[in-house]
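Note that the UniProt record's numbering has the sequence shown beginning at 1, numbered continuously upward. Glycine included, each C-beta is placed from N, C-alpha and C at the ideal position. Working notes, structure below.
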Amino acid sequence: MAFLLAVEKGQARIAQICLSLGATINASRDNGETALHLVARQECCAIACFLLSQKGVNINAPDKTLRTPLHNAIIFNRLEFISTILAEPGIRADVRDSLGRTPFWYATREGGNPDIASVLLDYGVDYNAPDSGGCTPLGSAAASGNTAVLHLLLGKRDIHVNARTSDEIPPLWLACRAGQVDIAEILLNNRADINQRSREGTSPIHVSIIRNHTKVVRLLLQQHEIDINIKTDRGSTALILAAATGNYALVRLLLEHTTIDVNAVDDRQQTAHAWAARKGYAEILKLL
Numbered sequence: 001m002a003f004l005l006a007v008e009k010g011q012a013r014i015a016q017i018c019l020s021l022g023a024t025i026n027a028s029r030d031n032g033e034t035a036l037h038l039v040a041r042q043e044c045c046a047i048a049c050f051l052l053s054q055k056g057v058n059i060n061a062p063d064k065t066l067r068t069p070l071h072n073a074i075i076f077n078r079l080e081f082i083s084t085i086l087a088e089p090g091i092r093a094d095v096r097d098s099l100g101r102t103p104f105w106y107a108t109r110e111g112g113n114p115d116i117a118s119v120l121l122d123y124g125v126d127y128n129a130p131d132s133g134g135c136t137p138l139g140s141a142a143a144s145g146n147t148a149v150l151h152l153l154l155g156k157r158d159i160h161v162n163a164r165t166s167d168e169i170p171p172l173w174l175a176c177r178a179g180q181v182d183i184a185e186i187l188l189n190n191r192a193d194i195n196q197r198s199r200e201g202t203s204p205i206h207v208s209i210i211r212n213h214t215k216v217v218r219l220l221l222q223q224h225e226i227d228i229n230i231k232t233d234r235g236s237t238a239l240i241l242a243a244a245t246g247n248y249a250l251v252r253l254l255l256e257h258t259t260i261d262v263n264a265v266d267d268r269q270q271t272a273h274a275w276a277a278r279k280g281y282a283e284i285l286k287l288l
């Protein structure tokens, strides 16, 4: 359609002519994207202002994935467009797409612009709104390593620091899985529960060992609140996991902890020593 092509190319005059010849302001492509979706990706604010001034324009129009122009603008880091459309009467800033994600959720990902996040927070968006999998914006920032946005969120009085996903996974667990040691430290300094377990029974220390994130493990071991002998649903402790996977460095690190239980057994009645022997990890056996 000529109108949508003109908008995509940033040709406001041609777009205006198309409208005068009968093009509809809310016309969409096969994927459901309207002119506002297209202009939300662009740097040019002039054509955005032109479209927003047109009678009947749907500023909340969803595409086939239920993303609105505001979703697009945040995904493409278009701060000027975001500020402009947020000033429009009737804007739905917390509308969810097919993944259950609000526009703000996308500002928290890797590469998400903290200035955009700040504008949205000042507007009053729901910063605890989870997606369809239960992951909150804080969880997204933690997993992706977006430190700047994480700090903005933790500055909110009622932020849900230990909010769980549908798999019972909190932000700290997500940060540990991703090896985000700086994020993990920030969360721990902001009341994150170090022993909170996922649906499968893995705590932050377990997932850090499974993913071989030595720096994260070292950070966790420095926390007074850690239950170093906490077990997964299969009865594995951190030491059993490290020994069973042949991770010499982590076994040695864990053994330095004063309350480590070297004789703990899992659901198969196997100790860390038994697993190391079973798999032939001679150097680990010497440690145990």
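Residue i versus residue j - alpha carbon distance
{"i": "D167", "j": "H213", "result": "21 Å"}
{"i": "S53", "j": "K156", "result": "35 Å"}
{"i": "A192", "j": "E110", "result": "21 Å"}
{"i": "D267", "j": "T232", "result": "10 Å"}
{"i": "R197", "j": "P204", "result": "7 Å"}
{"i": "F104", "j": "A46", "result": "24 Å"}
{"i": "A129", "j": "G100", "result": "9 Å"}
{"i": "D158", "j": "A27", "result": "41 Å"}
{"i": "I14", "j": "G22", "result": "13 Å"}
{"i": "V216", "j": "A184", "result": "8 Å"}
{"i": "W173", "j": "V161", "result": "11 Å"}
{"i": "E8", "j": "E43", "result": "11 Å"}
{"i": "S132", "j": "A163", "result": "14 Å"}
{"i": "G124", "j": "A117", "result": "11 Å"}
{"i": "I85", "j": "T202", "result": "43 Å"}
{"i": "V181", "j": "D63", "result": "37 Å"}
{"i": "A244", "j": "A276", "result": "6 Å"}
Residue span of the alpha helix (DSSP H) that contains residue i, given as start and end
{"i": "N72", "result": "69 to 75"}
{"i": "K215", "result": "214 to 221"}
{"i": "G139", "result": "137 to 144"}
{"i": "A272", "result": "272 to 279"}
{"i": "T147", "result": "147 to 154"}
{"i": "S83", "result": "79 to 86"}
{"i": "C45", "result": "45 to 52"}
{"i": "L19", "result": "12 to 20"}
{"i": "L66", "result": "It is not in any alpha helix (DSSP H) - L66 carries neither H nor E in the DSSP assignment."}
{"i": "L36", "result": "35 to 39"}
{"i": "V161", "result": "Where V161 is concerned, there is no enclosing alpha helix (DSSP H), given that its DSSP letter is neither H nor E."}
{"i": "V95", "result": "No alpha helix (DSSP H) contains V95, which DSSP labels as neither H nor E."}
With 16 other Cβ atoms within 10 Å as the buried cut-off, status of residue i
{"i": "R78", "result": "buried"}
{"i": "A249", "result": "exposed"}
{"i": "P170", "result": "buried"}
{"i": "A87", "result": "exposed"}
{"i": "E200", "result": "exposed"}
{"i": "A2", "result": "exposed"}
{"i": "Q269", "result": "exposed"}
{"i": "L5", "result": "exposed"}
{"i": "P137", "result": "buried"}
{"i": "N247", "result": "buried"}
{"i": "S98", "result": "exposed"}
{"i": "H224", "result": "exposed"}
{"i": "G112", "result": "buried"}
{"i": "P89", "result": "exposed"}
Complete runs of the alpha helix (DSSP H) confined to the UniProt repeat "ANK" (99 to 132) [at least 4 residues] | Taking only runs of at least 4 residues, the alpha helix (DSSP H) segments lying wholly in the UniProt repeat "ANK" (99 to 132) are 103 to 107, 114 to 123.
Only counting runs of 4 or more residues, tell me where the alpha helix (DSSP H) segments fall wholly within the segment 178 to 254, in order along the chain.
-> With a minimum length of 4 residues, the continuous alpha helix (DSSP H) runs that stay inside the segment 178 to 254 are 181 to 188, 204 to 210, 214 to 221, 238 to 244.
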